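Protein chains in written order, with the numbering used here: chain A, 40 to 144; chain B, 532 to 1113. By construction, the Cβ of each residue, glycine as well, lies at the ideal position given by its N, Cα and C atoms. Just so it is clear, the structure is predicted and the values come from calculations on it, not from any experiment.
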Amino acid sequence: MFEWIRQAAKTRVHVSPRKFGVILMFSVLLMIGAMAFVWPNVKMVKMAYEYQSLAQQQRLLLKENNLLKVERESLKSLDRILFLAKKHTDLQSPEKGQILTVFLK
Amino acid sequence: MSKKSPTLKKDARAVLKVRLMTIAGFFLLFGAALGTRLFFLQIINHEELAALSKRQYADKEKIVYGRGNIFDRHQNELAMNIEVESVHVTPSKVRDKRHTAKVLASHLNMDRNKIYQDLASKKRSFWVKRKCNLEEVEKLHRLGLPGVRLIPEQKRVYPKRELAANVTGIVGIDDKGFAGAEHYHQSILKGTIVRRAIEKDARGRKIMSISEARKTKSKSRDVVLTIDEVIQFIAERHLRSQVEEYQADSGMVLVMEPYSGEIYAMANYPQFNPNKYQAYGKEKRKNRLITHSYEPGSIFKPITAAAALDSGRVETASELFFCENGKFKIGKKTYREAANHKFDWMSLQNIIAKSSNIGSIKIAQKLGQENFYNYIRKFGFGKKTGIDLPGESAGILPHESDWDHLSLPSMSFGHGINVTPIQMASAWSAIANGGNLMLPHITKLILKNGQVEKSFDPKVIRRVISEKTSRQMIEVLKSTVKSGTGIPAAVPGFEVAGKTGTAQMYNEKSGSYFKNKYLSSFVGFVPADSPKIVVLVMIENARKSHWGGKVAGPVFREISKEVLRYLNEPAKGERVFFLNHA
């Protein structure tokens, strides 16, 4: 039943140094090819993680930027500016004779 | 070294062979088992496992593009969004429900029992609190409670608070516009949600997007209003100060550009803060300039006069009318002048300047019922103006066939007819701009990604009166401010055309007029001969005084003065220089 196994065990493969060199070279090329195939994928995944981290950072910055915009707009509120102008800097509305209008042609 | 016998060598080889065969047998069995397993995995259970695998690495990401912004005419933000988080719970994933309820209640300032009841219920998931503020969620982020998720959402923010709140309107918790421009432009402003496929790793971290969302920044569009933040502020400030000074119930101001129908300001007082709109009653949130109608009183008299002049029934403004010395009986009703004045013969110009009720009746009688009704309709009363805001009222104008013998005399001086302030301002714009009734509008532009997608140009509805009549009316209305009831509305350095109004307010419950509640008003435009703005002021139930000239006139004056200065309109006697750019 296991005759073919016995036969196979008895068989010896004779490889000449030249053939061995060719086989070795093909093996190395195969490995390089495999590496060349896998490497971009590994690189891509790595870059995708980097991109996601940057995208998250961008989201947070945009969120903060939006909050700052709201703050800026509420600081620009005319009610507040009028209050500050009158109370803190003692500004007053100009009288008729104090107004000078300049038009640029 | 000892030499092994050939028999021993043979035995050793035999043993090696058996061992090799055993190992080969194991490999064969292992290979067969592996093959069988692969057969089951790849062929028999392929679909099920492929789906399971897809679920593990593929997911969908929700990208929320918030509502579009609302800007004033100079693109200052009136309504914008910020990103906030909402607390969402899946009870089946919560380990310790009591503890979770306690923590959530303390951080979100909510009722602990209510949260626990929801957690213990059969609900699959529920919102604990929507759109929380930053402090509330900060600690929850750190705690990382199982079953509790913080979901990002957009929250509407009105950075200018009360400013133009009745115009911009409000949005509900689900970002749906409830009132004002938010409601009217819901389809334009509404935010969108885009779902895109993403790839995840074994730890659930997002690796990349499988389907890239379109590169557009935002799918929603922005709305630019015709409102000018500065003019709106000026109007609100002076209105508030006068309402408080005269202890009135409320007030309204409308500032309009007469040639284009663009509305610069719509001020209502009392105001409300749209960021906390729930704290205010529904009535306060209404824009009464368009939703409410009033008996206008004497500010309607110029409409009667303009109709009479335009129809040719009254040829000039100097035509005389007998004003019955203060008492005029029609049927059983006796009409009197305000403040018991007694006028005899007066020109049309003086009738308007001195605000004679009987004079207005005489003018309307000369005009005739049919003509009068037609002109009232042509001026846009009795139907909606078509302004781009929700909830506009058409006012009340009974059809001519339903008029009785008192309708014409009463309407001639603004009673027996209800008009909205926007209708009145539009009609006055027609007098100011040479006779064209313009479509009043509040929307200037629609923007998409900052670029103009649509612009709203001025639209003439119809010609109401001729240019000649318009010029005649401007002269008539100037005299009201120069020497008539409108003196307090005079703006130094400018000629003003305007008219005061003091109308007894109607009590709908009792069906009669209030004895001591008045609508004090002033409408006018300035500079009279080349109008830049039409300003309408209405103050309800002022307690210190009720005369339109005294209560509303100064508001008109102050607003006009500041707005004209803001619009670079120099006053007479003011120093003006023209400089070359170079």
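Contact between B:Glu616 and B:Glu666 is absent: CB atoms are separated by about 12 Å, not below the 8 Å threshold.
Against A:Ser116, the close residues of chain B are Pro690, Lys691, Arg692 and Leu694, in the order they occur along the chain (beta-carbon pairs closer than 8 Å). The way I'd put it, the stretch 683–698 of chain B does touch the stretch 797–812 of chain B; three or more beta-carbon pairs between them come closer than 8 Å. Proximity of chain B to A:Leu143 at the Cβ level (cut-off 7 Å) is accounted for by Leu1110 and His1112, in chain order. Chain-ordered, the chain B residues with CB closer than 8 Å to the CB of A:Thr140 read Asn1099, Pro1101, Glu1105, Arg1106, Val1107 and Phe1108.
Closest in C-alpha terms to B:Val950, from the list B:Ile830, B:Arg598 and B:Asn1111, comes B:Ile830. The beta carbon of B:Glu713 does not come within 8 Å of any beta carbon belonging to chain A, so the residue lies off that interface. Within the stretch 944–1031 of chain B, the complete alpha helix (DSSP H) segments of 4 residues or longer fall at 952–963 and 998–1014, listed in chain order. Residues of chain A whose Cβ lies closer than 9 Å to the Cβ of B:Phe764 are, in chain order, Ser116, Leu117, Asp118 and Leu121.
Taken in chain order, the whole beta strand (DSSP E) runs of length 3 or more contained in the stretch 674–738 of chain B are 679–688 and 723–731. Nearest in C-alpha terms to B:Glu760, of all of A:Ser113, A:Glu103 and A:Ser92, is A:Ser113.
Cβ neighbours of B:Ile894 within its own chain (closer than 7 Å, five residues either side excluded): Thr835, Ala836, Ala839, Val845, Phe852, Leu879, Ile882 and Ser943. Among the CB atoms of chain A, one or more fall inside 8 Å of the CB of B:Ile613.
Counting along the chain, the unbroken alpha helix (DSSP H) around B:Tyr588 starts and ends at His577 to Tyr588. Using beta-carbon distances, A:Asn105 counts as an interface residue toward chain B, with a partner under 8 Å. Under DSSP, B:Phe657 takes part in a beta bridge, and its partners are B:Val620. Note that the stretch 903–913 of chain B touches the stretch 956–969 of chain B; at least 3 beta-carbon pairs, one per stretch, sit closer than 8 Å. Taking all protein chains in view, the Cβ of B:Met787 is crowded by 16 or more other Cβ atoms within 10 Å, so the residue is classified as buried. For B:Arg867, DSSP records a beta bridge to B:Lys858. At a cut-off of 8 Å between C-beta atoms, A:Gln97 does not count as an interface residue with respect to chain B. Non-local C-beta neighbours of B:Val1068 in its own chain, meaning closer than 7 Å and more than five positions away in sequence, comprise Val784, Ser1052, Phe1053, Ala1083, Val1086 and Phe1087, ordered along the chain.
In the structure shown, B:Asn1047 falls within a strand segment according to DSSP collapsed to helix, strand and coil. Taking a Cβ-Cβ cut-off of 8 Å, the neighbours of B:Lys737 in chain A comprise Gln91, given in sequence order.
CA-CA distance, A:Ile71 to B:Val625, rounds to 51 Å.
Shown here, B:Phe558 sits in a helix according to DSSP, grouped into three states.
Considering only B:Ala848, B:Ser891 and B:Thr847, the residue with the shortest C-alpha distance to B:Arg867 is B:Ser891.
Excluding its 5 nearest sequence neighbours in each direction, B:Leu681 has C-beta neighbours in its own chain below 8 Å: Glu616, Ser617, Val618, His619, Val668, Leu671 and His672, listed in chain order.
Scanning its chain for C-beta atoms nearer than 8 Å, with the 5 sequence neighbours on each side dropped, one finds around B:Pro1019 the residues Gly1080, Lys1081, Gly1084, Pro1085 and Arg1088, in chain order. Residues of the stretch 1000–1027 of chain B with a C-beta less than 9 Å from any C-beta of chain A: Pro1023 and Gly1024, listed in chain order. Sequence-ordered contacts of the stretch 53–79 of chain A with chain B are nonexistent [C-beta pairs closer than 9 Å]. By the Cβ neighbour-count rule, B:Lys645 is exposed, with fewer than 16 other Cβ atoms within 10 Å of its own.
The three-state secondary structure of B:Ser886, taken from DSSP, is coil.
Taking a cut-off of 8 Å on C-beta distances, the stretch 1071–1079 of chain B touches the stretch 1041–1050 of chain B, as three or more cross pairs fall below it. In the DSSP assignment, A:Gly60 falls within the unbroken alpha helix (DSSP H) covering Pro56 to Leu114. For A:Lys108, the C-beta contacts it makes with chain B under 9 Å involve Glu608, Met611, Ile613 and Pro690, in order along the chain. In the three-state DSSP reduction, B:Val625 falls in the coil class, being neither helix nor strand.
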